[in-house]
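Remarks on the structure that follows.
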Amino acid sequence: MDRLQSMRAFVRVIDAGSFAGAAREMNQSPAVVTRLVADLEEHLGARLINRTTRRLALTDIGEAYLERTRAILTEVEEAEALASSATSEPRGHLRVLAPPAFAVHQLAKHLPAFHEQYPKVTIELAAPGPVEGMDEAFDVTILSVARRPLDGDFVARRLARSEVIACAAPAYLDRRGRPQHPGELSGHDAMLPSFLREVSFVRGLFGDADDDAPGGETVSIATARPLLGTTHIDLLYAAALHGLGIAGLPSFVAEDALREGALERVLPEWRLFDATLYAAMPTRKHVPARTRVFVDFLVKAFGGEDRDPWLIAAGCETAKRQ
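And the structure:
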C-alpha cells in the first residue's frame, strides 16, 4: 500500500465531501479512491469515515487522524519544495479559495496570463460563498477585510483596496435623474445586500481610508425595504446593468462595466466603505514554488498598494479631500 497516496486520498475525500469529488480532483476513478481509503482503514485497524447514502461523517478517530494527516502531508510538501526549489520550475496542483465575485470578475481574467507563465501549475479554484478567514485546507485564500485588522496564524500579502460605490445604468439615470447628494437617494430604486438596514456614505478619501478623519462628512440612510435585496453580488450587478436601479457594488465587480460605459458611477465623491484584499497562506517554513509564484503574480497584477486600481483603471477614482 502506498501510505502517502492513501492519506492524500483520505484528506481529499473529506475536503471534497464525497469519494466521487475526490476522484475527480485526483484524476482517478471513484473505485480507486474508495480502495485507497479502505486500505488505509484496514492498515490502521480503525474506521475513519462513516458512510451513508447521503453524506460522509468522520468518526472520532477519523477527526483526530485527519488533523495529524494534514500536518504530515504539509511537512512532506515542504520537504519536497525545499529539495526542488533551487532547480525545478513551479509545478503541481494549487488549491485556491476566493469570494465568488472576485473569482468571476478578477481571477478568471488573469488566469490565462498566469498559465502562460507557469504552464505546469494546475489550479483548483473554490468559490462557494463569503470567505470568513484563511482556510488551511487551501494553499491560498483570498480575503476581503473591511474595518478590522487581520488576525490569525497565517501570512498575508495585500493585493489592493476596493471601494464599494453606488452604480447605475446610464439609461436608468437619464430616466430618473442623477442624485447629487446621498439624501436624494430616497427618491430612487435601491439595490443592496439584504442584511443591510442602514447604509453610510462617506465623502472623499482620507489618508489610509480612515472614515473618522477630521473634516470628513458621513451621511447615513435607512434602507427601509430596497427594491431588490440579495446576498448575491452578481445579481445586484446584473440588475444594475439592466436598469433596475442604483446598486452598491465593489469596484472590482463594476470595473469593466464602468470602463465600457454600461454602468455609471453615482455620487462620484462618495463611497460606502472600503475593503482591503489579501492573499493569505498558511504559515509554513517552506512555501512551495507554485504557491509563491501565484501570490507574487497576484500582487503584481493588482498593484499591492493601499489604493483602488479598479476605479483608477475606470477613470473614476474617488477624489481625496484636502
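So the mapping is simple: this note's numbering equals the position in the sequence shown, first residue as 1, plus 113.
Using N, Cα and C, we set each Cβ at its ideal position, and we do this for glycine too.
All figures in this text were calculated on a predicted structure; none of them were measured in a lab.
Separation of Phe251 from Glu276, as counted between CA atoms
Working through the sequence shown from its first residue, we reach residue 276 at position 163. Working through the sequence shown from its first residue, we reach residue 251 at position 138. Counting only the Cα atoms, Phe251 lies some 27 Å from Glu276.
Spatial neighbours of Asp324 in its chain, beta-carbon cut-off 6 Å, leaving aside the 5 residues before and after:
Within the sequence shown, numbered from 1, the residue matching residue 324 stands at position 211. With a pLDDT of 46 at Asp324, under the threshold of 50, the modelled position of this residue cannot be trusted; read the value that follows with caution. Only Val315 meet the Cβ criterion.
N- and C-terminal bounds of the beta strand (DSSP E) containing Leu305
Counted from its first residue, the sequence shown places residue 305 at position 192. That run of the beta strand (DSSP E) goes Ala303 to Leu305.
Taking Gly134 as part of the alpha helix (DSSP H), name the residues at either end of that continuous run.
Along the sequence shown, one-based indexing puts residue 134 at 21. Segment Phe132 to Met139, the alpha helix (DSSP H) holding Gly134.
Is the stretch 289-300 touching the stretch 362-373 in the sense that three or more CB pairs, one from each, lie closer than 8 Å?
By the Cβ test, the stretch 362-373 is not in contact with the stretch 289-300, since fewer than three Cβ pairs between them sit closer than 8 Å.
Close-in-space but distant-in-sequence residues of the same chain around Ala414 (CB under 7 Å, 5 per side omitted)
Position 301 of the sequence shown, counted from the first residue, corresponds to residue 414. The residues are His223.
Please give me, in chain order, every unbroken run of the beta strand (DSSP E) with length at least 3 that falls completely inside the stretch 239-265.
If you keep only unbroken beta strand (DSSP E) runs of at least 3 residues inside the stretch 239-265, you get 253-258.
For Val189, count the other beta carbons within 10 Å of its own beta carbon; 16 or more makes it buried, fewer makes it exposed. Which is it?
Stepping through the sequence shown from its first residue, residue 189 is reached at position 76. A residue is called buried once 16 or more other Cβ atoms fall within 10 Å of its Cβ, and Val189, having fewer, is exposed.
Please classify Leu305 as buried or exposed, where buried requires at least 16 neighbouring CB atoms within 10 angstroms.
To locate residue 305, count along the sequence shown from 1; it is residue 192. Flag for Leu305 reads buried.
Just to confirm, is the Cβ distance from Cys280 to Glu154 under 8 Å?
One-based indexing of the sequence shown puts residue 280 at position 167. One-based indexing of the sequence shown puts residue 154 at position 41. Cβ atoms of Cys280 and Glu154: not closer than 8 Å.
As a quick exercise: from Gly130, Ala159 and Gly158, pick the residue whose alpha carbon is nearest that of Val146.
For the purposes of this step, residue 146 is identified with residue 33 of the sequence shown, where counting begins at 1. It is Gly130.
Quick check: what's the CA-CA separation for Leu157 versus Ile278?
As a working mapping, residue 157 is identified with position 44 in the sequence shown. As a working mapping, residue 278 is identified with position 165 in the sequence shown. Cα to Cα, the separation comes out at about 56 Å.
From Ile334, Glu249, Ala269 and Arg274, pick the residue whose C-alpha is nearest to that of Glu297; which is it?
Sequence index remark: in the sequence shown, residue 297 carries index 184 (1-based). It is Ile334.
Val412 and Leu272 - do their beta-carbons sit closer together than 8 Å?
Residue 272 sits at position 159 when you count from the first residue of the sequence shown. Residue 412 sits at position 299 when you count from the first residue of the sequence shown. Taking 8 Å as the Cβ cut-off, Leu272 and Val412 qualify as a contacting pair.
Report all residues from its chain with a CB closer than 7 Å to the CB of Arg125; omit the five preceding and five following residues, and keep chain order.
The residue given as residue 125 occupies position 12 in the sequence shown. Scanning its chain for C-beta atoms nearer than 7 Å, with the 5 sequence neighbours on each side dropped, one finds around Arg125 the residues Ala135, Glu138 and Met139, in chain order.
What residue range does the beta strand (DSSP E) around Ala273 cover?
Along the sequence shown, one-based indexing puts residue 273 at 160. From DSSP, the beta strand (DSSP E) with Ala273 extends over Phe267 to Ala281.
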